[in-house]
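First comes the structure, then the notes that go with it.
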Amino acid sequence: MGYQAWLTAYLAKLSGKEVRCPECGVGAVNWKLAGDPATRFGYAILWCSHCGKGSHLSRVKFPEGIEFVSMFDVDAVAAGVPEIQLVDED
Ligand SMILES: [Zn+2]
């Protein structure tokens, strides 16, 4: 599994679905969304609460109604994000 699977998980979460980890299939996928409030462009950090694997999606645009923290607020970006074992991009 790799980047594409996490991108799929991200899109599913955007649409409001509960998503299982693409790596282990057990844990729920958590995310942190950080972006520029002026443009709604930013990045997403996704991780599994079970196996600790995850991915970092850059250059995404958050739809209206999706809440995200300001990417310029480093404390808000870091809050609640664990150590993540990033999967290889493919
Ligand atoms: Zn997992």
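Quick note: the sequence shown uses this note's numbering, first residue 154, plus one each step. Built from N, CA and C at the ideal position, the CB exists for glycine as well.
Asked                                                                                            : Found
Distance CB(Lys166)-CB(Gly233) smaller than 8 Å                                                  : no
Backbone secondary structure at Lys214 - three-state DSSP                                        : strand
Per-residue burial, Gly155 [other beta carbons within 10 Å of its own, 16 or more giving buried] : exposed
Heavy atom of ligand 1 within 7 Å of Val213 beta-carbon                                          : no
Length of the line joining the Cα atoms of Cys201 and Ala181                                     : 6 Å
DSSP bridge partner residues for Arg173 (one or two, in chain order)                             : Ala181
Terminal residues of the alpha helix (DSSP H) in which Ala162 lies                               : 156-167
Alpha carbon of Glu176 to alpha carbon of Phe225, nearest angstrom                               : 30 Å
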